[in-house]
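Asks: Chains A and B, in that order, are what the protein sequence lines are. Per our numbering, residue 7 is the first one in the first sequence, and the count goes up by one each step. Per our numbering, residue 7 is the first one in the second sequence, and the count goes up by one each step. The beta-carbon is built from N, C-alpha and C at its ideal position, and this holds for glycine as well. Structure provided below as structure tokens; questions to follow.
There are 2 protein chains.
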Amino acid sequence: MMELTRKGEYAIRGIVFLASRPPEQICLLSDIAAAVDVPPTFLAKIFQQFSKIGLVKSYRGTGGGFVLGRSADKITLLEVVEAVEGPIVPNRCVINKGECARDATCNVHPVWVDVQHRVRDILNEVTLQKLAGTNPPK
Amino acid sequence: MMELTRKGEYAIRGIVFLASRPPEQICLLSDIAAAVDVPPTFLAKIFQQFSKIGLVKSYRGTGGGFVLGRSADKITLLEVVEAVEGPIVPNRCVINKGECARDATCNVHPVWVDVQHRVRDILNEVTLQKLAGTNPPK
DNA sequence: CATAAAAAGACTTATAATGTCTTTTTTGTG
DNA sequence: CACAAAAAAGACATTATAAGTCTTTTTATG
Ligand code: SF4
Ligand code: SF4
């Protein structure tokens, strides 16, 4: 239960690697993919999603590639995960009221709300800067 | 991300309903399924799993049905969820060491370990007794 | 023995995960 | 300007998991 998909795992690996590089250095997708051992075409899709919401900045054409959209200490693991996996919802009924007809009287419902908050809190405390911390800058 | 499956949701509904009945009363699967609005054949599979590990006790033949395997205050939501969904693993690498070659040096790894513990703690604090609390005994 | 009920297992269908492949757009350089 | 390098976009393919059904078997009761 509650398992991160490979897409999510790859997304994290990719952007953490990017965060471990000098901020101004443009990285090729192919290089990132090779470094974190992810199928390049798959990582491409992931980085396209990142790019759309500004988590990374992309440059096309010759000399193009990717850099972080903001400084690594301003990007949280929560953002990264939710960008590719969607919101963290331990059960349907926490998405919005009325999703389950029973939610008003259900005693289980608040437990899921609690789980959601705790997990989000944990992930929100972790920045890419922390994650990239001791990685070798090569 | 992290979404409970229907199987899990149904499992909880079913056993919470059972916990809301007088402890000695044998309940028909068909009655439980109708009460909690779950396909009876699907709930049958779920209760078979419960039965195998003793979460419920089943009686076959005429007059048969299900009762809780222990008193409701001795069964936690964690047990129920893990019985049908398997262990709570936010990422593959928390299953066992060596699942990911990077885990020794990875800074993300401990975050998932933390998530796992927090979620398990929350679910482990919730008993079926609490969940069945204010349900009408009909 | 007839009937009621759960157990077991095979099977089906729908959805989501995990990728791949091809084409298009953008951009820098000789 | 032509070309090459790189990301963007979108269609496609494959596999795995979820979700549920159906049939047959076993067990118990009266
Ligand atoms: S936990 Fe309660 S409110 Fe949420 S889906 Fe289940 S029954 Fe509905
Ligand atoms: S979080 Fe780290 S240890 Fe876990 S799977 Fe990803 S890379 Fe491996």
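Would you check if there are 3 or more beta carbon pairs closer than 8 Å linking the region 115-124 of chain A to the region 94-106 of chain A?
Replies: yes
Asks: Tell me where the beta strand (DSSP E) around A:Lys13 begins and ends.
Replies: That residue, A:Lys13, is in no beta strand (DSSP E); its alpha helix (DSSP H) goes 12-25.
Asks: Please confirm if B:Asn102 has its CB atom under 9 Å from at least one CB of chain A.
Replies: No, no contact with chain A.
Asks: How long is the line joining the alpha carbons of A:Lys3 and A:Asp79, rounded to whole angstroms?
Replies: Examination of residue 3 of chain A is not possible in this model, given that chain A is present from 7 through 144 alone.
Asks: What do you get for A:Ala107, buried or exposed, if any count of 16 or more other CB atoms within 10 angstroms of its CB means buried?
Replies: exposed
Asks: Could you tell me the alpha carbon to alpha carbon distance between B:Arg19 and B:Leu129, rounded to whole angstroms?
Replies: Each residue's alpha carbon lies about 15 Å from the other.
Asks: Chain B partners of A:Lys80, CB-CB under 7 Å?
Replies: Within chain B, no residue comes near A:Lys80; the closest Cβ sits about 17 Å away, beyond 7 Å.
Asks: Rounding to the nearest angstrom, what Cα-Cα distance links B:Gly75 and A:Phe56 in this structure?
Replies: 49 Å
Asks: Can you pull the DSSP bridge partners for A:Ser64?
Replies: A:Phe72
Asks: From B:Leu165 to B:Val90, what does the alpha carbon distance come to, in whole angstroms?
Replies: With chain B running from 7 to 144 in the structure shown, residue 165 of chain B is simply not present.
Asks: For B:Met7 and B:Gly69, I'd like the C-alpha separation in whole angstroms.
Replies: 42 Å
Asks: With a threshold of 9 Å between beta carbons, is A:Asn130 in contact with chain B?
Replies: Cβ-Cβ to chain B under 9 Å: no for A:Asn130.
Asks: Secondary structure at A:Thr133, three-state DSSP: helix, strand or coil?
Replies: strand
Asks: Under 9 Å between C-beta atoms, does B:Glu15 make it to chain A?
Replies: Closer than 9 Å to some Cβ of chain A, the Cβ of B:Glu15 qualifies, so yes.
Asks: Whose C-alpha, out of A:Pro45, A:Asp127, A:Pro28, is nearest the C-alpha of A:Leu35?
Replies: A:Pro45
Asks: Return yes when the Cβ of A:Leu84 is within less than 9 Å of the Cβ of A:Ile21, no when it is not.
Replies: Not closer than 9 Å, so no.
Asks: Going along the region 83-115 of chain A in order, which residues come within less than 8 Å of chain B, judged by CB to CB distance?
Replies: Leu83, Val87, Glu88, Glu91, Gly92, Pro93, Ile94, Val95, Pro96, Asn97, Arg98, Thr111, Asn113, Val114
Asks: Can you tell which of B:Val87, B:Ile32, B:His123, B:Asn113 has the C-alpha that lies nearest to the C-alpha of B:Leu134?
Replies: B:Val87
Asks: Taking CB distances under 9 Å as the criterion, tell me whether B:Ile18 reaches chain A.
Replies: B:Ile18 counts as touching chain A.
Asks: For B:Ser64, which residues in the same chain have their Cβ closer than 6 Å to its Cβ, ignoring the five residues on either side in sequence?
Replies: Counting only Cβ-Cβ distances below 6 Å, and skipping sequence neighbours, we find Ser57, Phe72.
Asks: Using only CA atoms, which one of B:Cys33, B:Ile32, B:Lys51 lies nearest to B:Ala17?
Replies: Among B:Cys33, B:Ile32, B:Lys51, the Cα nearest to that of B:Ala17 belongs to B:Lys51.
Asks: If you measure beta-carbon to beta-carbon, which residues of the region 29-41 of chain B are closer than 7 Å to chain A?
Replies: none
Asks: Given that a residue counts as buried once 16 or more other Cβ atoms are within 10 Å of its Cβ, and exposed if not, what is B:Arg66?
Replies: exposed
Asks: Could one say the Cβ of B:Lys144 lies closer than 9 Å to chain A's Cβ atoms, at least one of them?
Replies: Unreliable placement is indicated for B:Lys144, whose pLDDT of 39 sits below 50; the coordinate value is still reported in the next sentence. Not closer than 9 Å to any Cβ of chain A, the Cβ of B:Lys144 fails to qualify, so no.
Asks: Can you check whether the CB of A:Ala138 is closer than 9 Å to the CB of A:Phe53?
Replies: At the C-beta level, A:Phe53 and A:Ala138 stay beyond 9 Å of one another.
Asks: Starting from B:Ile37 and walking both ways along the alpha helix (DSSP H), at which residues does that stretch end?
Replies: As written in the sequence, residue 37 of chain B is Asp, which differs from the Ile given in the question. 35-42 is the extent of the alpha helix (DSSP H) around B:Asp37.
Asks: Cα-Cα, which of A:Cys112, A:Glu15, A:Glu30 is closest to A:Ala39?
Replies: A:Glu15
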